[in-house]
Every structure is written in C-alpha cells, then in structure tokens.
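Q: Please see the structure below; I have some questions.
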Amino acid sequence: MSEVTLTDSNFQKEVLSSEIPVLVDFWAAWCGPCKMVAPALAKIAEKFEGKLTVGKLNVDEELKLAQQYKIQSIPTLAIFKGGELVSQKVGALSLSALESWANEYV
C-alpha cells in the first residue's frame, strides 16, 4: 500500500480509528528536509505494509490539524496507535532510524 494523503475529512478514519499504527508525516512542499525524508518514508510504507500505515499531512493545507497537534517544526513525524499519539520526532530521519522507530510500535 502506498502512503495515504491525510486531510481534516479523513484523519479520524485513517489515523484515529485505524486498527494498526499510523506514522504521520507533517510536511510542507517548500520544506527541504521534508523532501529529503520522503523517499525513506515511501520505503517504510512498503516494508511495513499491513502492519503500519504511513500518512502524509500537508501543514499548509491542513493548518487546523497541525495546530491541534502543536506542530512547530517540520518535518514532524508522529506515530499514532489506538487513536492516541504515542511518539513524535522532529527532523529528517534516516531510513534505518525510521525502521528502528517503527519497529517499536508494530
């Protein structure tokens, strides 16, 4: 499964009601580090298919959700499990760091 584009209208269904953990990438089109981490996130989406969903939330388009989760820097990566935010990291993580982090929650 590829990454899911998250919006205010599908966040509840795709993230908060998900039966598996969701790694949410809070990003923006103008953000260089966001572009750097994107290929690693795509690989995580493939590797953890069925065990972890990767969702992308554009903070410029979904300002309400970015404010709700107090996103101050991007990229901010957050893992939701059971409808709750359980872990959050700021910055462009390497593929190996993302794999290790994701493995803690699947």
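In the numbering used here, each number is its position in the sequence shown, counted from 1, plus 16. Cβ coordinates follow ideal geometry from the N, Cα and C atoms, glycine included.
In angstroms, rounded to a whole number, what distance separates the CA positions of V40 and W46?
A: Residue mapping note: residue 40 aligns to position 24 of the sequence shown, counting from 1. Residue mapping note: residue 46 aligns to position 30 of the sequence shown, counting from 1. Answer to the nearest angstrom: the Cα atoms are 18 Å apart.
Q: What is the DSSP secondary structure of E100, counted as helix, strand or coil?
A: Your numbering for residue 100 matches position 84 in the sequence shown. Residue state, collapsed to three classes: strand.
Q: Pull the bridge partners of L79 from the DSSP assignment, please.
A: As a first step, residue 79 must be located in the sequence shown, where it is residue number 63. None; L79 has no bridge partner.
Q: Please report how far the alpha carbon of T69 lies from the alpha carbon of W117, in whole angstroms.
A: Along the sequence shown, read from residue 1 onward, the residue named residue 69 stands at position 53. Along the sequence shown, read from residue 1 onward, the residue named residue 117 stands at position 101. Cα to Cα, the separation comes out at about 14 Å.
Q: What does a CB cutoff of less than 7 Å around A58 pick up in its chain, not counting 5 residues either side in sequence?
A: Within the sequence shown, residue 58 is the residue found at index 42, counting from 1. These residues qualify, in order along the chain: E19.
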